[in-house]
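The numbering used here numbers the first residue of the sequence shown as 12 and each following residue consecutively. Think of the CB as a built atom: it goes at the ideal place given N, C-alpha and C, for glycine as much as any other residue. Small disclaimer: the values here were computed from a predicted structure and weren't measured. Following: one structure in structure tokens, then a few remarks.
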Amino acid sequence: MSTVTNRWTRNAVIARLAASEAIDHDTVSTLRERAERRIELLRVMSAVEEGRIDPDAATARFDEIRAITALPLSA
């Protein structure tokens, strides 16, 4: 018999979805940069599922992933 533990909070899920959407709609970063961010997103998700990080730490990391944007070419 297995026990299911819900490791996700509402805020963590919202942050995860926002980070995923930011990656999907990023038109400035290169394909490689977006892929690296997607992999990091999946790593954080796995860490939550495995209980290695708590939802608050995951929320902070998802927010960091979402905030990563390429600088404009002209300054």
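CA-to-CA distance, residue j to residue i, given in whole angstroms
{"i": "residue 24", "j": "residue 70", "result": "8 Å"}
{"i": "residue 20", "j": "residue 39", "result": "31 Å"}
{"i": "residue 65", "j": "residue 49", "result": "20 Å"}
{"i": "residue 72", "j": "residue 60", "result": "15 Å"}
{"i": "residue 26", "j": "residue 43", "result": "22 Å"}
Residue range of the unbroken alpha helix (DSSP H) whose run includes residue i
{"i": "residue 31", "result": "21-35"}
{"i": "residue 77", "result": "66-78"}
{"i": "residue 147", "result": "An answer regarding residue 147 cannot be provided, because it is not within the stretch 12 to 86 covered by the chain."}
Chain-order list of residues whose beta-carbon lies under 6 Å from that of residue i (same chain, five-residue window excluded)
{"i": "residue 34", "result": "45, 48, 49"}
Residue i: CB within 6 Å of a non-hydrogen atom of the ligand SAH
{"i": "residue 49", "result": "What this structure holds is no ligand at all, so the ligand SAH is not there to describe."}
Sequence-distant residues of the same chain with beta carbon closer than 7 Å to residue i, five excluded per side
{"i": "residue 86", "result": "For residue 86, the predicted structure reports a pLDDT of 47, less than 50, and the residue's modelled location is therefore unreliable. The matter cannot be settled from this model."}
{"i": "residue 79", "result": "48"}
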